[in-house]
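Heads up, the sequence shown is in the working numbering, so the first residue is 67 and it goes up one at a time.
We put the beta carbon where it would ideally sit given N, CA and C, even for glycine.
For clarity, every value in this text was computed on a predicted model and none was experimentally measured.
Contents: one structure, followed by commentary.
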Amino acid sequence: QVQLVESGGGLVQAGGSLRLSCVASGRFFSISTMGWYRQAPGKQRELVADITSGGGTNYADSVKGRFTISRDNAKMTVYLQMNSLKFEDTAVYYCNMKGPMGWGLVAWGQGTQVTVSS
């Protein structure tokens, strides 16, 4: 069974930085794609960034150049470094794990609130 636990959210002023962490339990972290999603009030959940088992990254256009996703397989942890935060980055941020194609392995964390004051 996979569990994902996020931390690092909080209240920050516009222009500031936060670093989110997501620690995974279970056996499949190193072979899974890890991602960060966010959901703002009244909006659909959207992909922020993800990183494959091989280290390839993908970012939403709205965060390119400001956010950086990384992973430490030894610590079974994925990070999201968020710089130059904007009011519109305010949302609940969720960690996501997707196992290899065809495995049907998908897991979500409980979410961590990020609030950016303007």
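Looking at C-alpha atoms only, which residue of the options is the closest neighbour of residue i?
{"i": "S87", "options": "C161, V172, P166, N124", "result": "C161"}
{"i": "V182", "options": "L77, Y125, E72, S73", "result": "L77"}
{"i": "G130", "options": "A173, T99, S73, L113", "result": "According to the sequence provided, residue 130 is Lys. The question's Gly does not apply to it. That would be L113, whose Cα lies nearest to the Cα of K130."}
{"i": "T99", "options": "F133, N139, D127", "result": "N139"}
{"i": "L84", "options": "M148, V158, W174", "result": "M148"}
{"i": "G82", "options": "D155, G165, G101", "result": "D155"}
{"i": "V172", "options": "R111, Y125, N124, G101", "result": "G101"}
{"i": "P166", "options": "A126, I117, S150, Q79", "result": "I117"}
{"i": "Q110", "options": "W169, A157, M163, G121", "result": "A157"}
{"i": "T123", "options": "G175, Y159, L146, Q176", "result": "L146"}
Starting from residue i, follow the beta strand (DSSP E) in both directions and report where the run begins and ends.
{"i": "N162", "result": "157–164"}
{"i": "Q38", "result": "Absent from the structure is residue 38, since the part of the chain shown begins at 67 and ends at 184."}
{"i": "S87", "result": "84–91"}
{"i": "S73", "result": "69–73"}
Are the beta-carbon atoms of residue i and residue j separated by less than 8 Å?
{"i": "F94", "j": "V68", "result": "yes"}
{"i": "G92", "j": "T178", "result": "no"}
{"i": "S128", "j": "I97", "result": "no"}
{"i": "V180", "j": "T143", "result": "no"}
{"i": "S184", "j": "A80", "result": "yes"}
Unbroken stretches of the beta strand (DSSP E), 3 residues or longer, contained in the region 100–178: 112–117, 123–125, 133–138, 143–148, 157–164, 172–174
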